[in-house]
Amino acid sequence: MTATAHGTVDHAPRLGLLVIHNDPVPETEIWRMAPAGVSVHTARFECPRADDTEYVGSPALALADAADVVRGLNHLGRTGVDSITLCFGSSSFFGGPGFDTAFTAAAARHAHGTPVHTAATAITEALTATAVTRPLVVMPPWFTEPTFRATDAYLRTAGVAGDRIVQFALSSPWDTITRYNAFDAGAHWTIAPDAVHRQVADAYRAAPAGTFDSVLIPGSGFPGQGAVAALEKTLGVPVITSNQAVLWHALRSTPYATVPTVDPTLHG
């Protein structure tokens, strides 16, 4: 990272992402949202979920010190990115804020001192910045009840009511696939913005008036960004996605001398 005498980065923003091996969604959405001049650089690691099992968390240091995670952090740090974000929110949800603290500290050492953040931290800071506390939480179709409970607990530590949960429903051909295997089976490729808009709007409107003040889509691998603008127009409230929050947080975590031509907002 190159810095001026005032401590600001003197080049266009370079954002690093650390993503599980088979998830194309974070970089796809973040590249599309990124202002002109911002570059996005991705490293991958093997998803710690064992085959045909529910994911229920990873110890922070064990994940940070895993060989493929270390390799990805090393490569991103040597690439010269300004920050790195772990786009795997479930690990934070199960581990709590303590996971975020321990993982990012250990990961920064492997990344040659490059600051490391987590998607979950970006989400909670985005909720705080938007001043919302009662989101309708839209879970990806491959999440299961343990992840629901962990996400609820994590959000509550940030002062957010996370128990207002609905789950996106896949079409009937997916009924024969065990829920926690749906992502690996390619379900993320089948999710269309109009289906996201329809299901989220229906769930929001089904609740009594005033129940929700926003919508939150916390899954990095859930392709929800294409529905955000239409949902905000329909519902009149902020809609925050994990990948949107990651971009917003990364661009605000470093004082850039070269300001992006467009400043992305959290919503709108």
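Residues 153 to 420, numbered by our numbering, are exactly what the sequence shown covers, in order. By construction, the Cβ of each residue, glycine as well, lies at the ideal position given by its N, Cα and C atoms. The structure displayed is predicted, hence computed values, not measured ones.
Legend entry - HIS349 - containing alpha helix (DSSP H), residue span: 345 to 358
Legend entry - Spatial distance of VAL367 from ALA379 (CA atoms): 11 Å
Inset, instruction - Apply the 10 Å Cβ neighbour rule to HIS349 and answer buried if 16 or more other Cβ atoms are within range, or exposed otherwise. - result: buried
Legend entry - Three-state class that DSSP yields for SER464 in the structure shown: Here the chain comprises residues numbered 153 to 420, so residue 464 is not present and cannot be evaluated.
Inset, instruction - Could you pull out every residue in the same chain whose Cβ sits closer than 7 Å to the Cβ of SER405, ignoring the five residues on either side in sequence? - result: SER235, PRO267, HIS269
Legend entry - Exposure label - VAL411; buried when at least 16 CB within 10 Å: Here the model assigns VAL411 a pLDDT of 45, short of 50, so the residue's position is not dependable and the matter cannot be decided.
Inset, instruction - Keeping to the same chain, check which residues put their C-beta closer than 7 Å to that of THR413; ignore five residues upstream and five downstream. - result: Reliability of the predicted coordinates at THR413 is poor, the pLDDT of 42 falling under 50, and the value obtained from them is presented with this limitation in mind. Closer than 7 Å at Cβ, skipping near neighbours: PRO187, ALA188, GLY189.
Legend entry - Segment limits, beta strand (DSSP E) that includes PHE197: 191 to 197
Inset, instruction - Please classify HIS401: is it buried, with 16 or more other beta-carbons within 10 angstroms of its beta-carbon, or exposed? - result: buried
Inset, instruction - Compare the beta carbon distance of CYS239 and LEU167 with 8 Å and say whether it is the shorter of the two. - result: no
Legend entry - Buried versus exposed call for THR363 [16 or more other C-beta atoms within 10 Å across all chains shown]: exposed
Legend entry - First through last residue of the beta strand (DSSP E) which encompasses PRO178: Counting along the chain, PRO178 falls outside any beta strand (DSSP E), though it belongs to the alpha helix (DSSP H) covering 177 to 185.
Inset, instruction - Please work out which residues of its chain come closer than 7 Å, Cβ to Cβ, to MET185, disregarding the five sequence neighbours upstream and downstream, and give them in chain order. - result: GLN377, GLN396, LEU399, PRO416
Inset, instruction - Count the CB pairs spanning the segment 279 to 294 and the segment 243 to 255 that are closer than 8 Å, and state whether there are at least three. - result: no
Inset, instruction - For GLY265, count neighbouring C-beta atoms within 10 Å of its own C-beta (all shown protein chains included) and say buried if the count is 16 or more, exposed if not. - result: exposed
Legend entry - Alpha-carbon spacing of GLY224 relative to TRP294, whole angstroms: 25 Å
Legend entry - Where HIS262 falls, given that 16 or more other Cβ within 10 Å makes a residue buried: buried
Inset, instruction - Since I believe ALA278 is in contact with ILE369 (beta carbons under 8 Å), could you give me their beta-carbon distance rounded to a whole number of angstroms? - result: With a Cβ gap of about 11 Å, ILE369 and ALA278 do not count as contacting.
Legend entry - Burial state of SER394 (16 or more Cβ within 10 Å): buried
Inset, instruction - Kindly identify the DSSP beta-bridge partner or partners of VAL290. - result: VAL318
Inset, instruction - Go ahead and pull the three-state DSSP assignment for THR273. - result: helix
Inset, instruction - Could you check how far apart the C-beta atoms of ALA216 and ALA271 are, in whole angstroms? I think they sit under 8 Å. - result: Rounded, the Cβ-Cβ distance is 15 Å, inconsistent with contact.
Legend entry - VAL192 to ALA164 span [Cα, whole Å]: 11 Å
Inset, instruction - For ALA157, I'd like the list of residues in its chain whose CB is within less than 8 Å of its CB, leaving aside the five on either flank, ordered along the chain. - result: Its pLDDT being 33, under 50, ALA157 is placed unreliably in this model, and the value from its coordinates should be taken loosely. None.
Legend entry - CA-to-CA distance, GLU198 to GLY420, given in whole angstroms: Per-residue confidence for GLY420 stands at a pLDDT of 48, beneath the threshold of 50, marking its modelled position as unreliable; the derived number appears in the next sentence. Using only the alpha carbons, I get a separation of about 34 Å.
Inset, instruction - Would you mind stating whether GLY314 and ASP304 have Cβ atoms separated by less than 8 Å? - result: yes
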